[in-house]
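Numbering (our numbering), first residue to last: 9 to 412.
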């Protein structure tokens with residue numbers, strides 16, 4: 009058992025460590041709570057005054073670090089003095105840019121394969137936190153939905169439990185459901201179904217895992233803003249949407265907020281075993297949101313922008329089928345039927361589940377962030393307008409937040 013220390017001794021300026029035969033208790037001036045360290049190795053002890061050049065006691069393995077969200081999570085972890093092990097698959101030069109997310113010697117890389125358990129064990133051998141950001145929104149030749157979103161997640165959770173990892177964070181999806189409601193496809197979204205099955209698999213192997221369910225995430229190099237401005241997604245400057253986008257409701261969340269929420273969940277002991285839903289502060293109709301976003305890019309009706317019902321456009325449907333046949337593993341512009349199903353599924357919030365604000369994160373409003381994100385895609389970007397030449401578009405209309 010750990011030695012008992014009077015609460016009055018918690019607030020001391022000099023860090024102290026009390027050791028016993030099985031556990032160490034470290035106390036520092038940054039917290040009123042003692043930190044239990046299962047590993048009695050002094051290298052595991054928190055040190056420094058906080059910040060990038062310190063060590064906060066967290067050794068974290070981030071699976072999926074090379075993805076869109078992974079880069080933001082690594083940056084947030086590095087800023088608070090986290091030691092990171094970053095597994096990668098493929099060319100090692102693809103992950104070298106993550107070296108600068110942490111201080112010198114704090115970021116280590118290791119090759120792995122999702123089906124190779126020995127390589128996974130090496131990646132988590134010295135970690136006390138494991139984050140799983142690996143996921144697939146379309147099926148590939150070598151990896152199907154179940155291979156990645158279910159069995160892959162189960163394998164990581166099981167091996168983390170066997171290695172004695174203290175915290176396991178698993179990224180799911182807001183609309184994950186074992187029985188997804190069909191919108192475009194008669195069977196519903198297989199992606200959302202696999203994500204729900206993945207949550208159950210993770211909980212079976214690691215009961216104390218923290219599940220994160222984000223809504224559609226927007227930011228630099230995302231699959232929301234960049235997706236809708238891709239030439240494959242439009243047709244002669246017109247945007248085909250299911251029922252013109254007027255039957256779909258979304259609460260997009262900023263990628264920086266999701267990353268900050270994941271880091272906050274790691275540091276909050278009350279998040280163990282909980283499921284969080286990460287959404288933006290406002291809810292919109294997809295049609296209103298896209299009209300406003302294109303207006304911010306100076307692509308309004310005078311430019312040629314319009315919306316129409318995808319159901320009555322056989323040529324666009326043929327384009328989707330052709331895109332799936334020509335690029336089955338990596339669909340050009342993310343255009344495939346599963347993505348059409350996902351984008352037109354309304355966000356469903358569950359009453360009682362904690363969110364970003366419960367972790368101390370204030371969600372960013374789209375009206376404040378999106379104009380910056382779409383700057384590279386503004387029409388006639390080399391034209392320098394006079395002040396007031398292009399009026400600021402009115403913000404999109406919001407709708408009341410609804411719970412399932």
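The C-beta atom is built at its ideal place from N, Cα and C for all residues, glycine as well.
Buried versus exposed, by CB contacts within 10 Å (16 or more), residue i
{"i": "residue 172", "result": "exposed"}
{"i": "residue 28", "result": "Only weak support exists for where residue 28 lies, its pLDDT of 37 falling under 50; the value from the coordinates is given anyway. It is exposed - the Cβ of residue 28 has fewer than 16 other Cβ atoms within 10 Å."}
{"i": "residue 260", "result": "buried"}
{"i": "residue 218", "result": "buried"}
{"i": "residue 273", "result": "buried"}
{"i": "residue 395", "result": "exposed"}
{"i": "residue 121", "result": "exposed"}
{"i": "residue 108", "result": "exposed"}
{"i": "residue 399", "result": "exposed"}
{"i": "residue 34", "result": "Reliability of the predicted coordinates at residue 34 is poor, the pLDDT of 48 falling under 50, and no value is obtained from them."}
{"i": "residue 40", "result": "With a pLDDT of 43 at residue 40, under the threshold of 50, the predicted position of this residue should be treated as unreliable, though the coordinate-derived value follows. With fewer than 16 Cβ atoms within 10 Å of its Cβ, residue 40 is classed as exposed."}
{"i": "residue 367", "result": "buried"}
{"i": "residue 392", "result": "exposed"}
{"i": "residue 397", "result": "exposed"}
{"i": "residue 329", "result": "exposed"}
{"i": "residue 265", "result": "buried"}
{"i": "residue 16", "result": "Low per-residue confidence applies at residue 16: pLDDT is 39, beneath 50, and the placement is therefore not dependable enough to give any value."}
{"i": "residue 64", "result": "buried"}
{"i": "residue 402", "result": "exposed"}
Residue i: CB within 7 Å of a non-hydrogen atom of the ligand FMN
{"i": "residue 257", "result": "Ligands are entirely absent from the displayed structure, and the ligand FMN is therefore not among its contents."}
DSSP beta-bridge partners of residue i
{"i": "residue 178", "result": "140 and 219"}
{"i": "residue 352", "result": "Its beta-bridge partners do not exist; DSSP assigns none."}
{"i": "residue 247", "result": "315"}
{"i": "residue 68", "result": "92 and 137"}
{"i": "residue 258", "result": "292"}
{"i": "residue 76", "result": "DSSP lists no partner for residue 76."}
{"i": "residue 409", "result": "For residue 409, which the question treats as bridged, DSSP gives no partner whatsoever."}
{"i": "residue 344", "result": "DSSP lists no partner for residue 344."}
{"i": "residue 55", "result": "63"}
{"i": "residue 370", "result": "Note: residue 370 sits in no beta bridge, so no partner."}
{"i": "residue 263", "result": "Beta-bridge pairing links residue 263 to no other residue."}
{"i": "residue 359", "result": "Answer is none; residue 359 lacks a bridge partner."}
{"i": "residue 286", "result": "222"}
{"i": "residue 115", "result": "92"}
When the options are compared against residue i, the one with the closest alpha-carbon
{"i": "residue 147", "options": "345, 123 and 119", "result": "345"}
{"i": "residue 232", "options": "219, 206, 297 and 210", "result": "297"}
{"i": "residue 373", "options": "366, 390 and 404", "result": "404"}
{"i": "residue 85", "options": "267, 406, 203 and 334", "result": "267"}
{"i": "residue 134", "options": "243, 208, 234 and 168", "result": "168"}
{"i": "residue 304", "options": "385, 243, 226 and 323", "result": "385"}
{"i": "residue 282", "options": "256, 326, 221 and 188", "result": "221"}
{"i": "residue 271", "options": "55, 334, 103 and 141", "result": "141"}
{"i": "residue 199", "options": "186, 210 and 402", "result": "186"}
{"i": "residue 93", "options": "132, 201 and 183", "result": "132"}
{"i": "residue 60", "options": "144, 410 and 113", "result": "113"}
{"i": "residue 118", "options": "154, 317, 68 and 153", "result": "68"}
{"i": "residue 159", "options": "349, 125, 239 and 356", "result": "125"}
{"i": "residue 349", "options": "334, 251 and 335", "result": "251"}
{"i": "residue 162", "options": "116, 408 and 143", "result": "143"}
{"i": "residue 354", "options": "188, 377 and 209", "result": "188"}
{"i": "residue 225", "options": "332, 381, 106 and 408", "result": "381"}
{"i": "residue 190", "options": "351, 53 and 408", "result": "351"}
{"i": "residue 127", "options": "101, 96, 104 and 103", "result": "96"}
{"i": "residue 237", "options": "66, 105 and 343", "result": "343"}
{"i": "residue 181", "options": "88, 202, 166 and 302", "result": "202"}
{"i": "residue 321", "options": "276, 389, 249 and 307", "result": "249"}
{"i": "residue 82", "options": "359, 99 and 104", "result": "104"}
{"i": "residue 241", "options": "291, 313, 279 and 378", "result": "313"}
{"i": "residue 177", "options": "279, 291, 412 and 307", "result": "279"}
{"i": "residue 307", "options": "359, 389, 290 and 375", "result": "389"}
Under 8 Å between C-beta atoms of residue i and residue j
{"i": "residue 285", "j": "residue 361", "result": "yes"}
{"i": "residue 164", "j": "residue 138", "result": "yes"}
{"i": "residue 206", "j": "residue 157", "result": "yes"}
{"i": "residue 311", "j": "residue 387", "result": "yes"}
{"i": "residue 227", "j": "residue 369", "result": "no"}
{"i": "residue 263", "j": "residue 77", "result": "yes"}
{"i": "residue 364", "j": "residue 410", "result": "no"}
{"i": "residue 295", "j": "residue 257", "result": "no"}
{"i": "residue 90", "j": "residue 75", "result": "no"}
{"i": "residue 204", "j": "residue 184", "result": "yes"}
{"i": "residue 316", "j": "residue 223", "result": "no"}
{"i": "residue 318", "j": "residue 324", "result": "yes"}
{"i": "residue 335", "j": "residue 149", "result": "no"}
{"i": "residue 79", "j": "residue 106", "result": "yes"}
{"i": "residue 213", "j": "residue 175", "result": "no"}
Can you list the alpha helix (DSSP H) stretches of 4 or more residues lying completely in the stretch 183-241, in chain order? For the stretch 183-241, whole alpha helix (DSSP H) runs of length 4 or above, ordered along the chain, are 198-213 and 233-236.
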